[in-house]
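Take a look at the structure set out below.
2 protein chains.
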Amino acid sequence: MELDDRKLKILQAIIRTYLETGEPVGSRTISKYSDLNLSSATIRNEMSDLEEMGYILQPHTSAGRIPSDKGYRLYVDTMLEAKEGEVNSLREELQEKAEKIDDVLQQVAKFLATNTNYATMVSGPRYQTKRVKFIQITSVDEEHLLAVIVLDNNAVKNQMIRIEEPIPDEVMVKLNFILNTTLNGLDVLEMNLAVIQRIKEQMGEHTQVIDSVLEVIGKTLVDQDDLEVYTSGATNILRYPELSDKSKAADLLNAFEEKKVIHQWLGLPEKGKDNDTHDIQVYIGDETQVDSMKDCSMVTATYQIQEGVYGRIGIVGPKRMDYDKVVGTLNSLMGQLDDIFKEKK
Amino acid sequence: MELDDRKLKILQAIIRTYLETGEPVGSRTISKYSDLNLSSATIRNEMSDLEEMGYILQPHTSAGRIPSDKGYRLYVDTMLEAKEGEVNSLREELQEKAEKIDDVLQQVAKFLATNTNYATMVSGPRYQTKRVKFIQITSVDEEHLLAVIVLDNNAVKNQMIRIEEPIPDEVMVKLNFILNTTLNGLDVLEMNLAVIQRIKEQMGEHTQVIDSVLEVIGKTLVDQDDLEVYTSGATNILRYPELSDKSKAADLLNAFEEKKVIHQWLGLPEKGKDNDTHDIQVYIGDETQVDSMKDCSMVTATYQIQEGVYGRIGIVGPKRMDYDKVVGTLNSLMGQLDDIFKEKK
DNA sequence: GTTAGCACTCATTTCACTAGAGTGCTAATT
DNA sequence: AATTAGCACTCTAGTGAAATGAGTGCTAAC
Numbered sequence: 006m007e008l009d010d011r012k013l014k015i016l017q018a019i020i021r022t023y024l025e026t027g028e029p030v031g032s033r034t035i036s037k038y039s040d041l042n043l044s045s046a047t048i049r050n051e052m053s054d055l056e057e058m059g060y061i062l063q064p065h066t067s068a069g070r071i072p073s074d075k076g077y078r079l080y081v082d083t084m085l086e087a088k089e090g091e092v093n094s095l096r097e098e099l100q101e102k103a104e105k106i107d108d109v110l111q112q113v114a115k116f117l118a119t120n121t122n123y124a125t126m127v128s129g130p131r132y133q134t135k136r137v138k139f140i141q142i143t144s145v146d147e148e149h150l151l152a153v154i155v156l157d158n159n160a161v162k163n164q165m166i167r168i169e170e171p172i173p174d175e176v177m178v179k180l181n182f183i184l185n186t187t188l189n190g191l192d193v194l195e196m197n198l199a200v201i202q203r204i205k206e207q208m209g210e211h212t213q214v215i216d217s218v219l220e221v222i223g224k225t226l227v228d229q230d231d232l233e234v235y236t237s238g239a240t241n242i243l244r245y246p247e248l249s250d251k252s253k254a255a256d257l258l259n260a261f262e263e264k265k266v267i268h269q270w271l272g273l274p275e276k277g278k279d280n281d282t283h284d285i286q287v288y289i290g291d292e293t294q295v296d297s298m299k300d301c302s303m304v305t306a307t308y309q310i311q312e313g314v315y316g317r318i319g320i321v322g323p324k325r326m327d328y329d330k331v332v333g334t335l336n337s338l339m340g341q342l343d344d345i346f347k348e349k350k
Numbered sequence: 006m007e008l009d010d011r012k013l014k015i016l017q018a019i020i021r022t023y024l025e026t027g028e029p030v031g032s033r034t035i036s037k038y039s040d041l042n043l044s045s046a047t048i049r050n051e052m053s054d055l056e057e058m059g060y061i062l063q064p065h066t067s068a069g070r071i072p073s074d075k076g077y078r079l080y081v082d083t084m085l086e087a088k089e090g091e092v093n094s095l096r097e098e099l100q101e102k103a104e105k106i107d108d109v110l111q112q113v114a115k116f117l118a119t120n121t122n123y124a125t126m127v128s129g130p131r132y133q134t135k136r137v138k139f140i141q142i143t144s145v146d147e148e149h150l151l152a153v154i155v156l157d158n159n160a161v162k163n164q165m166i167r168i169e170e171p172i173p174d175e176v177m178v179k180l181n182f183i184l185n186t187t188l189n190g191l192d193v194l195e196m197n198l199a200v201i202q203r204i205k206e207q208m209g210e211h212t213q214v215i216d217s218v219l220e221v222i223g224k225t226l227v228d229q230d231d232l233e234v235y236t237s238g239a240t241n242i243l244r245y246p247e248l249s250d251k252s253k254a255a256d257l258l259n260a261f262e263e264k265k266v267i268h269q270w271l272g273l274p275e276k277g278k279d280n281d282t283h284d285i286q287v288y289i290g291d292e293t294q295v296d297s298m299k300d301c302s303m304v305t306a307t308y309q310i311q312e313g314v315y316g317r318i319g320i321v322g323p324k325r326m327d328y329d330k331v332v333g334t335l336n337s338l339m340g341q342l343d344d345i346f347k348e349k350k
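Note that the protein sequences, when read in sequence, are chains S and B.
Quick note, the first sequence lines up with residues 6 to 350 if you use our numbering.
Quick note, the second sequence lines up with residues 6 to 350 if you use our numbering.
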């Protein structure tokens with residue numbers, strides 16, 4: 006059987022109505038509230054066909070129809086067009102508070118959550134390169150050194166180091182010099198035993214401090230992977246009866262508390278994507294590959310902070326989420342984000 | 006009417022039974038499952054008295070009794086004794102990961118949530134003194150300076166400063182010297198115009214950089230107030246039918262997403278408290294002063310990281326929360342925390 | 001090809017009814 | 001005087017039958 010134009014229109018109407026009401030849609034409703042001018046009987050016939058083709062389902066014999074995953078998929082694939090607008094308000098808000106990327110991302114999560122009424126998560130940027138750009142060790146007081154490490158993405162990490170006895174100034178100067186000349190531009194993998202040995206040889210004494218410092222550096226670089234996640238509006242899940250069933254909702258909400266889980270959900274951005282497309286993906290039901298989301302849909306997008314530095318945004322809602330609006334909002338937002346990050350750079 | 010020993014025992018029995026079951030408790034239940042050896046009729050009479058005195062309520066005419074806020078209050082006040090134990094497992098876990106106070110607090114929240122099955126929140130430490138201990142400005146590359154500020158509680162803040170043109174090394178040295186000698190030991194209030202003027206005079210040129218630097222310092226010191234909050238187990242709220250009513254639960258859960266709200270809930274620790282008592286407080290229903298918590302109870306405690314640096318822990322659950330266990334766990338935990346922070350120091 | 005009409009299905013609502021838990025009161029018992 | 005047994009009464013939760021109504025599928029007419 007072929008999916009002709011009329012069937013497509015009916016399917017659209019069914020899905021749109023269902024998105025609004027969340028109730029199974031009957032033939033009469035479509036007959037009345039669409040501009041197709043067909044009787045309910047005709048609609049019924051077509052619906053019957055659509056069901057046979059797998060685009061819609063009947064929850065039970067004498068109920069209306071609801072879209073199947075396949076139906077949603079078709080809807081998303083064919084009927085989506087990016088829309089601009091509505092996001093401008095965010096822009097100004099963002100720029101005021103946009104001092105730290107952390108804040109921006111948290112704001113983005115919140116903005117999306119309040120605007121879409123779905124649950125939102127944003128994964129912090131993953132820096133694909135993590136090389137040391139600058140190291141400075143300073144003595145703060147008799148017992149503490151402060152190690153400040155700037156990475157080549159301008160992220161700054163710092164860590165206190167406790168020492169047994171004060172280190173003379175001239176040793177500090179020497180230490181800093183050696184560290185910077187030796188480690189500059191290296192990533193964690195390149196800091197092997199040979200490099201460490203070379204540093205120790207140059208320092209002569211005070212090798213104990215070197216050990217501490219290197220340990221801190223190592224931790225700092227690896228720690229980078231311990232990515233942040235920003236979420237907002239998790240409780241929006243409770244808005245949708247089909248998800249707010251106790252055990253399901255608890256599962257989902259729990260997962261929202263676990264950064265690891267969210268990272269797993271969001272996955273990694275695909276590299277090598279075109280810069281302009283924000284790689285917006287829609288996962289419906291089982292497509293999410295996450296069991297507790299089998300009654301949900303998730304829309305994800307990839308944002309880019311600078312060349313090679315990506316993060317992801319995810320919006321989770323019921324299957325009947327307003328894909329059109331979500332994708333539109335995301336698309337528009339991504340444009341704004343690009344601008345903001347460009348300016349910051 | 007007087008609350009004699011028998012009435013007290015019956016009240017205890019009612020509350021304990023209600024804590025277990027969450028259902029109204031009838032006279033027969035108490036008669037059977039308490040060692041008072043009284044018939045249900047006698048219990049009924051006593052219950053009637055207890056109700057008159059305001060310690061228990063009847064949800065409707067022919068239902069059993071449930072404790073009133075006043076009843077809970079009495080229970081909490083009279084029947085509570087600190088218990089040790091059960092918390093030892095946390096200790097080891099904590100010490101492994103206890104590199105940063107952030108992590109410790111997040112762990113604490115999680116530990117409490119999983120162990121009590123209630124929602125938990127921990128407010129980050131409030132440093133009552135925020136004086137500059139050490140400042141260092143370094144040039145990272147042609148366009149960026151890095152300001153690192155160490156406060157007298159050893160918290161480290163850093164901020165990139167964008168500059169138009171490179172600053173010569175000797176100027177940097179001078180700048181650092183001036184900043185450290187002038188600002189050391191000052192708090193944000195003491196950095197008034199006179200101080201700023203003095204710095205500028207000493208620097209002579211490059212006053213523009215000074216402005217940026219001071220702005221950063223100001224922000225950093227004030228920013229301190231923007232306290233962190235760690236939460237865990239918010240979804241435990243859904244476990245308790247009396248709270249999991251849609252709109253109530255949504256209210257509560259939403260609040261858990263807002264750091265500000267949580268701070269308000271937790272309030273500030275009372276200063277000048279004895280070090281040993283952890284100032285454990287129990288708020289029942291309206292006592293929380295928070296509307297969305299009127300069906301909840303909250304137990305709070307104050308922890309101390311070092312002299313003058315306090316934070317708070319709160320546990321939110323249904324009114325029929327197991328006060329005994331919660332307070333016991335908290336008490337024990339606080340002891341452990343004290344030890345850990347002492348060691349770190 | 002489209003539509004009207006009708007019998008049929010099934011979830012949901014409504015209502016009356018019952019069982020059971022619990023109370024309050026009174027009178028009997030200790 | 002305190003305790004208990006007994007009983008009438010109240011109220012909720014649960015059950016099942018009947019009514020409701022949205023919706024379908026099929027057939028025959030247009």
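Backbone N, C-alpha and C define an ideal beta-carbon position, used for all residues, glycine too.
This structure is a prediction, so every number in the text was calculated from the model and none was measured.
S/Tyr245 and S/Leu110 do not touch by the CB rule: their CB atoms are close to 25 Å apart, not below 8 Å. Shown here, B/Gly316 sits in a strand according to DSSP, grouped into three states. Remark: C-beta atoms of B/Asn185 and B/Ile140 approach each other more closely than 8 Å. Residue range Ser32 to Tyr38 is occupied by the alpha helix (DSSP H) that includes B/Tyr38. Annotation for B/Val81: Val287 and Tyr328 place their beta carbon closer than 6 Å to its own, counting only its chain and skipping 5 residues before and after. Listed along chain B are Thr143, each with a C-beta nearer than 7 Å to that of S/Gln141. In this structure, B/Gly129 lies near B/Leu232, with their beta-carbon atoms less than 8 Å apart. For B/Ile48, the CB contacts under 7 Å within the same chain, skipping 5 residues up- and downstream, are Ile15, Ser32, Ile35 and Ser36 in chain order. Looking at the DSSP output, S/Gly322 shares a beta bridge with S/Ser302.
Along the length of the segment 133-199 of chain B, whole alpha helix (DSSP H) runs at least 4 residues long occupy 174-188, reported in chain order. Under the DSSP definition of a beta bridge, S/Val234 partners with S/Ser128.
Not a single CB atom of chain S sits nearer than 8 Å to the CB of B/Met126.
Using a CB distance cut-off of 8 Å, S/Ser44 does not count as an interface residue toward chain B. Around the beta-carbon of B/Gly69, 16 or more other beta-carbon atoms lie within 10 Å, marking it buried.
Within the same chain, Cβ atoms closer than 7 Å to the Cβ of S/Lys75 are found at Gly59 and Tyr60, the five residues on either side in sequence being excluded. Rounded to whole angstroms, the Cβ separation of B/Pro323 and B/Leu273 is 26 Å, and the two are not in contact under 8 Å.
The beta carbons of B/Val137 and B/Asn189 sit about 6 Å from each other, so the pair counts as a contact at 8 Å. Cβ proximity to chain S below 8 Å picks out His149, Leu151, Val153, Val155 and Asn159 from the segment 147-159 of chain B. In its chain, beyond the 5 residues on either side, Tyr23, Pro29 and Leu62 have a beta carbon closer than 6 Å to the beta carbon of S/Ile71. Cβ proximity to chain S below 8 Å picks out Ser249, Lys251, Ala254, Ala255, Leu258 and Asn259 from the segment 247-260 of chain B.
Judged by beta-carbon spacing, B/Leu150 lies beyond the 8 Å limit of B/Asn163, meaning their Cβ atoms are not closer than that value. By the neighbour-count criterion, in which 16 or more other beta carbons inside 10 Å mark a residue as buried, B/Asn336 falls on the buried side. Taking a Cβ-Cβ threshold of 8 Å, the residues of chain B close to S/Lys138 are Val145 and Asp146, in chain order.
Using beta-carbon distances, B/Leu79 does not count as an interface residue toward chain S, since no partner is under 8 Å. S/Val287 carries a strand assignment under DSSP once its states are collapsed to helix, strand and coil. With distances taken between CA atoms, B/Ile172 lies nearest to B/Ile142 out of B/Asp192, B/Ile183, B/Ile142 and B/Leu156.
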